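What follows is a set of notes on a single structure, which appears directly below.
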Amino acid sequence: MTFNPKVVVVGSSNMDLISYVPHLPKKGETLFGSKFVTGFGGKGANQAVMAALLGSHTVMIGKVGTDEFGKQMKQNFESKKVDTKYLFVTDECSSGVAPIFVSEDGSNSIVVVSGANDLLTESEIRQAEEAFKDCKVVLSVLEIPVSAVIEGLKLGKKHGAVTILNPAPAQKNLPDELFKHTDIIVPNESELELLTGINITSEEEIKKAATLLLEKGVKQVVVTLGEKGCLYLSKEGTIRVPSVKVQAKDTTGAGDCFLGSFAYFLGCGLNVEESINRATKVASISVQREGTQSSYPSTTELPAEWWK
1 MTFNPKVVVV GSSNMDLISY VPHLPKKGET LFGSKFVTGF GGKGANQAVM AALLGSHTVM
61 IGKVGTDEFG KQMKQNFESK KVDTKYLFVT DECSSGVAPI FVSEDGSNSI VVVSGANDLL
121 TESEIRQAEE AFKDCKVVLS VLEIPVSAVI EGLKLGKKHG AVTILNPAPA QKNLPDELFK
181 HTDIIVPNES ELELLTGINI TSEEEIKKAA TLLLEKGVKQ VVVTLGEKGC LYLSKEGTIR
241 VPSVKVQAKD TTGAGDCFLG SFAYFLGCGL NVEESINRAT KVASISVQRE GTQSSYPSTT
301 ELPAEWWK
């Protein structure tokens with residue numbers, strides 16, 4: 001078992017613009033917020049930072065603007081020991097941003113303006129092929145062009161890595177090639193609905209929807225169910241992994257915390273079920289604190305025996 005696996009993230013970087021409000025605003029409603037903060041985000045960036053915090057050699061492949069947000073995001077990656085050799089820069093548009101509302105019960109609403117993330121190309125992914133050599137896990141999300149995601153997953157498979165797709169934000173009519181190059185897909189319930197067209201109201205419908213993804217070529221499906229834990233499905237059967245019961249304060253970025261941790265533990269050589277278990281525990285700490293990356297725990301807050 002290795003504690004410093006190489007994890008490559010092909011994904012998005014955003015600057016989070018976070019407002020804390022009594023409740024999520026209704027249509028036409030103006031609210032007084034209690035606090036405003038900026039933070040580093042983007043699903044890919046969050047996942048990369050979490051994997052790095054746990055000890056992986058993490059490489060971030062993405063794109064930012066030449067603006068101040070882009071410079072700050074690069075500096076943040078470097079401060080978290082994330083490799084930015086293949087963080088491309090463009091002057092054609094702004095860096096990505098994400099205005100976020102967080103209510104008193106910890107729920108959130110997010111608008112993503114992708115900016116530079118939308119300009120990441122297949123050619124740039126190929127330029128970064130050196131990063132895929134000797135990597136254990138490749139992790140990608142749908143906040144960048146699907147063509148770039150596919151190229152990243154293909155390179156991961158070429159170099160023997162486990163490929164993980166977090167299909168967020170979910171899209172309809174994704175190309176079959178995307179699923180063919182994905183070992184493990186990790187949607188939540190709403191994403192699973194959109195991917196498959198099946199209305200999810202029960203565990204049986206989750207299994208039915210997951211079967212459709214398995215038939216498209218995905219090897220394993222991990223459906224995140226929030227406070228209900230996860231369902232892990234493969235052709236061998238279904239395993240339910242329970243959640244850790246805590247009082248949530250801010251769920252922003254919790255899914256990314258889970259994904260980055262999951263990728264790390266898989267890269268260490270643990271099986272999928274144990275990786276889910278550990279990632280669930282890591283994410284349960286993050287939801288008890290405000291912020292996105294700022295809420296992610298370090299190894300000193302986790303069981304010491306995990307690194308023995």
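Going letter by letter, the sequence shown gives residues 1 to 308 in this note's numbering. Ideal Cβ placement from N, Cα and C applies to all residues, glycine included. Here the structure is a predicted model, which means the values were calculated and not measured.
If you check the beta carbons only, do residue i and residue j fall under 8 Å apart?
i      : j      : result
Ile125 : Ile61  : yes
Leu142 : Ala168 : yes
Ile198 : Asp183 : no
Asn108 : Gly260 : no
Val112 : Val137 : no
Pro166 : Val186 : Looking at the sequence shown, residue 166 is not Pro but Asn. Cβ distance < 8 Å, so Asn166 and Val186 count as in contact.
Val89  : Asn14  : no
Gly115 : Thr292 : no
Asp250 : Glu290 : yes
Tyr264 : Val8   : no
Ser309 : Val222 : Because residue 309 is not part of the residues shown, which for the chain are 1 to 308, the question remains open.
Leu178 : Ile144 : no
Leu155 : Phe132 : yes
Leu194 : Lys172 : yes
Just the Cα atoms here: how many angstroms apart are residue i and residue j?
i      : j      : result
Gly11  : Met50  : 14 Å
Ile276 : Leu174 : 26 Å
Ser202 : Pro25  : 29 Å
Ala170 : Pro99  : 19 Å
Gly37  : Lys228 : A quick correction: the sequence has Val, not Gly, at residue 37. Whole-angstrom Cα-Cα distance: 30 Å.
Phe101 : Gly253 : 13 Å
Val218 : Gly160 : 16 Å
Arg278 : Ser298 : 13 Å
Thr224 : Gly28  : 32 Å
Glu92  : Val64  : 10 Å
Asn76  : Ser123 : 25 Å
Asn271 : Tyr232 : 12 Å
Leu17  : Leu213 : 34 Å
Quick check on DSSP: helix, strand or coil for residue i?
i      : result
Leu53  : helix
Leu225 : coil
Thr38  : strand
Gly267 : helix
Gly96  : strand
Ser13  : coil
Gln293 : helix
Ile200 : coil
Phe32  : coil
Leu302 : coil
Val282 : helix
Identify every residue that forms a DSSP beta bridge with residue i.
i      : result
Met101 : Per the sequence presented here, residue 101 reads as Phe, with Met not at that position. According to DSSP, Phe101 bridges with Ser19, Ser109.
Asp83  : Val59
Thr90  : Gly65
Tyr232 : Val222, Ile239
Ile185 : Leu165, Val221
Lys180 : Its beta-bridge partners do not exist; DSSP assigns none.
Lys6   : His57
Val244 : Answer is none; Val244 lacks a bridge partner.
Val141 : Asn166
Let me confirm a value: residue i is counted as buried when at least 16 other C-beta atoms fall within 10 Å, else exposed. Which label applies?
i      : result
His23  : exposed
Thr30  : exposed
Ala210 : buried
Thr280 : buried
Met1   : exposed
Ala283 : buried
Val82  : buried
Gln127 : exposed
Phe262 : buried
Pro242 : exposed
Asp134 : exposed
Lys43  : buried
Phe32  : exposed
Quick one: does the C-beta of residue i sit closer than 7 Å to a heavy atom of the ligand PLP?
i      : result
Leu214 : Summarising the ligand content, the structure contains no ligands, and the ligand PLP is consequently not present.
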